[in-house]
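Under numbering that gives the first Met the number 0, think of the first position of the sequence shown as 0, with each following residue one higher.
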Amino acid sequence: MKPFIKAIFFLIVLTFLDFGLRKGLFAFAIPIPLPQNFMMFFMYTLFTVCGWFVTKWFCKLDKISLNDLGISFNRKNRTDFYYGFLIGFVLWAIVSIIQAMAAGFSWEFRP
């Protein structure tokens, strides 16, 4: 199969998983009722796990490793991840504070 066709097929598989799991089309197959927030958590987690396995499957079909995609679990990569996470969190906090101040948002303590 050509690389372009494989990439399109990968996206189609993930799109079907998205509609099936995250949008709740497979939710009716669960025999017991679950709370709404737990059901969303369960379906999103299941989608993430399925997405990971689909990625590994396509890597195996293309005879490449996860390192070729930039996914590695070595020590330097973890440090870069933590720095990126910290910078992203700080930027998110700055934007949130600016939006809250511009909108006149205030906290009210209600014991």
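Note that beta-carbon positions come from the ideal geometry of N, C-alpha and C, so glycine has one too.
Which class does residue i belong to by DSSP, given the choice of helix, strand or coil?
| i | result |
| --- | --- |
| residue 51 | helix |
| residue 2 | helix |
| residue 104 | coil |
| residue 23 | coil |
| residue 77 | helix |
| residue 86 | helix |
| residue 97 | helix |
| residue 45 | helix |
| residue 59 | helix |
When the Cα atoms are used, what is the spatial distance from residue i to residue j?
| i | j | result |
| --- | --- | --- |
| residue 64 | residue 100 | 47 Å |
| residue 11 | residue 41 | 22 Å |
| residue 104 | residue 89 | 20 Å |
| residue 34 | residue 1 | 44 Å |
| residue 30 | residue 98 | 43 Å |
| residue 51 | residue 70 | 11 Å |
| residue 23 | residue 73 | 36 Å |
| residue 87 | residue 94 | 11 Å |
Among residues of its own chain, excluding the 5 on either side of residue i, which ones have a beta-carbon nearer than 8 Å to its beta-carbon?
| i | result |
| --- | --- |
| residue 49 | 16 and 20 |
So the alpha helix (DSSP H) residue i belongs to, where does it begin and stop?
| i | result |
| --- | --- |
| residue 70 | First-last for residue 70: undefined, no H or E at that position. |
Excluding five sequence neighbours on each side, which residues of the same chain lie with their C-beta closer than 6 Å to the C-beta of residue i?
| i | result |
| --- | --- |
| residue 53 | 12 |
So residue i and residue j are supposed to be a Cβ contact under 8 Å. How far apart are they, rounded?
| i | j | result |
| --- | --- | --- |
| residue 5 | residue 57 | 7 Å |
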